[in-house]
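The structure appears right after this line, and notes come after that.
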Amino acid sequence: MKWATRPGVHVDRAACAWLIRRFVDPDAEFIFPADPGAIPADATPFDMRGAALGHHQDRCSFETALTSFELADDPALEEIGHIIHEADLADERYDAPAAAGLDILIRGLTMTGGSDHDTLVITDRLFDGLYEHTRRQLIIGRPPA
Amino acid sequence: MSQDGDWVLLAYRLPRVPSTPRSSVWRKLKRLGVAQLGDGLVALPADARTREQLEWVAEEVSDHGGEATLWLGRPLDTAARSAVIDRMTAAVAVEYDAVTAEAAAAHTVEPAARRRTVARLRRELHRIHGRDFFGCPQREAARSAVETLAATNTVGVPK
Chain F
203 MKWATRPGVH
213 VDRAACAWLI
223 RRFVDPDAEF
233 IFPADPGAIP
243 ADATPFDMRG
253 AALGHHQDRC
263 SFETALTSFE
273 LADDPALEEI
283 GHIIHEADLA
293 DERYDAPAAA
303 GLDILIRGLT
313 MTGGSDHDTL
323 VITDRLFDGL
333 YEHTRRQLII
343 GRPPA
Chain A
101 MSQDGDWVLL
111 AYRLPRVPST
121 PRSSVWRKLK
131 RLGVAQLGDG
141 LVALPADART
151 REQLEWVAEE
161 VSDHGGEATL
171 WLGRPLDTAA
181 RSAVIDRMTA
191 AVAVEYDAVT
201 AEAAAAHTVE
211 PAARRRTVAR
221 LRRELHRIHG
231 RDFFGCPQRE
241 AARSAVETLA
251 ATNTVGVPK
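Quick note, the sequences are listed as chains F and A, same order.
Take 203 as the starting number for the first sequence in the working numbering and just add one per residue.
Take 101 as the starting number for the second sequence in the working numbering and just add one per residue.
Here it is in structure tokens:
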């Protein structure tokens with residue numbers, strides 16, 4: 203399937219792309235049209251104004267996507283949702299100290315050239331690690347070494 | 101932040117009732133540190149982050165049955181631009197000054213409470229810094245007051 207979002211991906215879009223590729227559509231193809239009006243009819247938009255997979259009811263697009271893809275019962279994904287929420291919105295709804303670092307790392311990545319596809323290759327690895335870390339932490343109840 | 105760059109403007113209209121969405125939108129705009137240019141017209145210096153932030157506020161307005169459009173613009177009048185920047189800087193200066201005063205007052209409290217105050221004021225400084233677009237000079241005093249408080253090891257002040 204084709205998935206479309208705005209170019210210059212940042213934390214919420216990178217996290218959504220990872221979620222889609224890992225849990226929804228392993229063959230996902232991502233496109234980044236600069237003009238929101240130029241999204242092909244066969245592509246599903248996400249993290250864009252007007253998209254169902256966007257910010258709604260004070261939730262970031264990743265949190266909306268968790269509900270929409272029926273993944274909200276995975277506690278590690280829910281926890282990552284809190285981190286993305288704070289990295290993206292910083293409204294202090296959740297206690298997610300990892301958010302500040304993640305925001306800076308991904309913002310820095312987008313500044314050092316490379317296409318959005320290149321950025322997603324790196325952020326996919328980051329989120330794989332974050333997911334594994336969060337999952338283990340939930341199992342043992344303390345930060346895993 | 102450059103003083104002569106573009107601004108992103110949000111023009112919005114929300115129904116008067118219910119009032120909850122209106123106050124939620126206004127709280128978000130306050131937190132972002134917008135300049136209010138008119139009734140239902142706010143602006144921020146434009147960058148990738150502020151554009152996105154205002155886009156999501158616009159989405160919230162639409163979700164609640166209002167109308168919102170985003171614009172990119174530049175003031176033609178230098179004096180008007182300076183006045184807006186001065187107003188924004190004065191607003192964050194008041195916030196920084198409050199942190200400075202609170203940090204100064206916390207030197208006499210017991211160490212555990214002082215550490216909690218340091219943590220809270222650091223977070224507060226971080227929040228204010230996020231809406232300090234034009235390098236408010238009062239920031240340094242506030243930062244230094246909080247770090248001085250953090251470095252205080254004695255209980256209370258010497259008589």
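We put the CB at the ideal spot given by N, CA and C, even for glycine.
From a predicted model like this one, the values you see are computed outputs, not experimental measurements.
Out of F:L273, F:W205, F:L279, F:L268, the CA that lies nearest to the CA of M250 (chain F) is found in F:W205. DSSP places F232 (chain F) outside any alpha helix (DSSP H); the residue lies instead in the beta strand (DSSP E), whose first and last residues are 231 to 233. H226 (chain A) is positioned such that its CB atom lies no closer than 8 Å to that of R239 (chain A). Think of a sphere of 7 Å around the beta carbon of R251 (chain F): the chain A residues whose beta carbon falls inside it are E155, A158, E159, in chain order. Between the region 298 to 309 of chain F and the region 267 to 275 of chain F there are fewer than three inter-stretch CB-CB distances shorter than 8 Å, so the stretches are not counted as touching. Chain A has no Cβ within less than 8 Å of the Cβ of G331 (chain F).
Contact residues of the region 206 to 217 of chain F toward chain A are G210, H212 (C-beta to C-beta distance below 8 Å). Taking every protein chain shown into account, the CB of P145 (chain A) has 16 or more other CB atoms within 10 angstroms, so this residue is buried. Listed as beta-bridge partners of F248 (chain F) by DSSP are F:L255. V117 (chain A) sits exposed, since fewer than 16 C-beta atoms from the chains shown fall within 10 Å of its C-beta. Residues of chain F whose Cβ lies closer than 7 Å to the Cβ of D163 (chain A) are, in chain order, H258. T252 (chain A) sits in coil when the DSSP states are folded into three classes, being neither helix nor strand.
Interface criterion not met: the Cβ of A198 (chain A) is under 8 Å from no Cβ in chain F. Look at the beta carbons and you see the region 198 to 205 of chain A not touching the region 155 to 163 of chain A: under three pairs across the two are nearer than 8 Å. Taking CB atoms only, A219 (chain A) has no neighbour in chain F less than 8 Å away.
R113 (chain A) has A:E167 as its beta-bridge partners, per DSSP. Per DSSP, reduced to three states, the secondary structure at P277 (chain F) is helical.
For A148 (chain A), the closest Cβ of chain F is nearer than 8 Å.
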